[in-house]
Amino acid sequence: MPLESVIQAFRSTERVVLLHVERSRTAPTGTERIERALSCFDALTNSMIDAYRDASSALDAVRARAEEELTTALTKGLAVDQDDIDRWADVLEFDSTRPCLCAVLELAVSADPLASQRFRRRAVTALTSSMNGSVISRASDGVIVLFLRADEGPSSGSLDMIMGGLIGTKDCRAVYLGSTVPTLRSGYESYRHAVKVRDVALGSGEGPRVWHYREVLLDVLLCADPPARGEFVRSRIGALISRPQLLDTVAALADCNLSQARAASQLFVHVNTVALRAKRISELTGRNPLVFDDLVELYLAARHRHELEHATPFDHAGGDGDPRVPHSAQ
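Here it is, written out as structure tokens:
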């Protein structure tokens, strides 16, 4: 091994120096003898440093190759043997038998490649020290993909705080966390979920934050069938798309657990205004936002209102209309 050779060279330095001094006793002056000894020692020291650099570069290259091969397999869902997973994980000092999850970090549009690499190293360092384990990373198409341990306990609880801190920088716009999987070999499942979370987040129009897969399961189900999702959105809120104040009222009532008073406070309007808006929503959609089941449908549709961005005015009205909506409201 290269490092063993370096250690052997280091331990033999003293012996070589003494031998050199002994053979140079015929030198005319002591100064020349000392200079020869120091020259020999410097040469050996430089050789030792070069050996360390070569060994470090070789180890870095091995780690980089293992990380590239492993993350390629995990993000593309390639069928690989457990022996290959274990071999890559051993090189990267990652426990492949422990639960893990995938995090996808959305980079800022303005981030250049050099800044992205610096941010990637900073993120890996922060997570490694906090999660008590190695972190596997990959940069691809404006995102950084991370695989990290997902143990229960304080280290897991600190994940949101660390990710929130990363979003606070100018290099990261959002973080999407996939589901926790039992072993590293199942990492593709967590990565696939993180990508689904990203799709939901990009369509929501919400600001930068940490997104969890478990929080957007209903949205993920809606995204699984785009035609059905589009029809669902049109039929529920097509008549509201040009009335943002009514959509805001739907969101406020959902946030405030159907409390009109709290919704009014959130919207900075009188409580009677909320009641009037709720009545108008019911007239336009056939669904009462003060009834839980109806509010859930309206709220989910509102979260996906980007489906109607390129729709025609006829589509906004709900096409042929919802059978629950009176023709006078359509």
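First residue of the sequence shown: 166, per the working numbering; consecutive thereafter.
Each residue gets a CB set at the ideal place from its N, CA and C atoms; glycine is no exception.
The model shown is predicted, which means the values in this text are computed figures rather than measured ones.
Asked	Found
Please classify Cys388: does DSSP put it in a helix, a strand, or coil?	helix
Got a sec? Which residues, its chain only, sit under 6 Å from Tyr353 by beta carbon, not counting five neighbours each side?	Leu239 and Gly242
What would DSSP say about Glu233, mapped onto helix, strand or coil?	helix
From Ser305 to Ala291, what distance separates their C-alpha atoms?	20 Å
Suppose the cutoff is 6 Å on Cβ atoms and the five residues either side in sequence are ignored; what does the same chain contact list for His377 look like?	Leu342
Please state the DSSP three-state secondary structure of Leu311.	strand
Tell me the rounded alpha-carbon separation between Asp255 and Arg286.	20 Å
Candidates Pro392, Tyr217 and Arg408: which alpha carbon is nearest Ile497's?	In this structure the chain extends from 166 to 495, so residue 497 is not present and cannot be described.
Would you kindly work out how many angstroms separate the C-alpha atoms of Phe433 and Ala417, rounded to a whole number?	11 Å
Alpha carbons only, please: which of Leu383, Ser424, Ala443 and Ala426 is nearest the one belonging to Leu405?	Ala443
Relative to the C-alpha of Thr345, which residue among Arg379, Met296 and Asp248 is closest?	Arg379
Helix, strand or coil for Ile402, going by three-state DSSP, please let me know.	helix
Would you please state the rounded distance, in angstroms, between the beta carbons of Leu441 and Thr450? I believe it to be under 8 Å.	Their Cβ separation, rounded to whole angstroms, is 15 Å, which puts Leu441 and Thr450 out of contact at 8 Å.
Arg399 to His435, Cα distance in whole Å?	29 Å
Given Ile327, which residues of its chain have a CB within under 8 Å of its CB, disregarding the five upstream and five downstream residues?	Ala291, Leu292 and Ser295
May I ask which residues mark the beginning and end of the alpha helix (DSSP H) holding Val436?	Val436 to Thr450
Does Glu396 come out as helix, strand or coil in the three-state DSSP assignment?	helix
Give the DSSP-derived three-state secondary structure of Cys205 in the structure shown.	helix
By DSSP, does His469 sit in helix, in strand, or in coil?	coil
Would you mind stating whether Thr348 and Thr262 have Cβ atoms separated by less than 9 Å?	yes
Considering just the uninterrupted stretch of the alpha helix (DSSP H) at Arg427, what are its terminal residues?	Gln425 to Leu432
Are the CB atoms of Ala231 and Leu272 within a distance shorter than 9 Å?	no
Considering only the beta carbon of each residue, do Ala359 and Ala229 sit closer than 9 Å?	no
Go to Ala304, then tell me how far its beta strand (DSSP E) extends in each direction, as first and last residue.	Ile301 to Ser305
Contact check, Ile250 vs Arg350 under 8 Å by CB: the rounded distance?	5 Å
Out of curiosity, what's the CA-to-CA distance linking Pro319 and Arg201?	Reliability fails at Pro319, whose pLDDT of 41 lies under 50, so the model's placement of it is uncertain and no value is given.
Output the boundary residues of the beta strand (DSSP E) element that contains Arg338.	Cys337 to Leu342
Buried or exposed for Thr414, please, with buried defined as at least 16 other CB atoms from any protein chain shown within 10 angstroms of its CB.	buried
Around the Cβ of Thr236, are there at least 16 other Cβ atoms within 10 angstroms (buried) or fewer (exposed)?	buried
Mind checking if Met213 is an interface residue toward chain D, Cβ cutoff 9 Å exclusive?	Among the protein chains of the structure shown there is no chain D, as only one such chain exists.
Expressed to the nearest angstrom, what Euclidean distance is found between the alpha-carbon atoms of Cys421 and Ala226?	54 Å
Give the single residue among Cys265, Leu423, Asp325 and Ala223 whose Cα lies nearest to the Cα of Ser509.	Nothing can be reported for residue 509: it is not among the residues displayed for the chain, which extend from 166 to 495.
Sort out for me which residues DSSP pairs His377 with in a bridge.	Leu342
With Val269 as the anchor, note down where its beta strand (DSSP E) starts and where it stops.	Cys265 to Leu272
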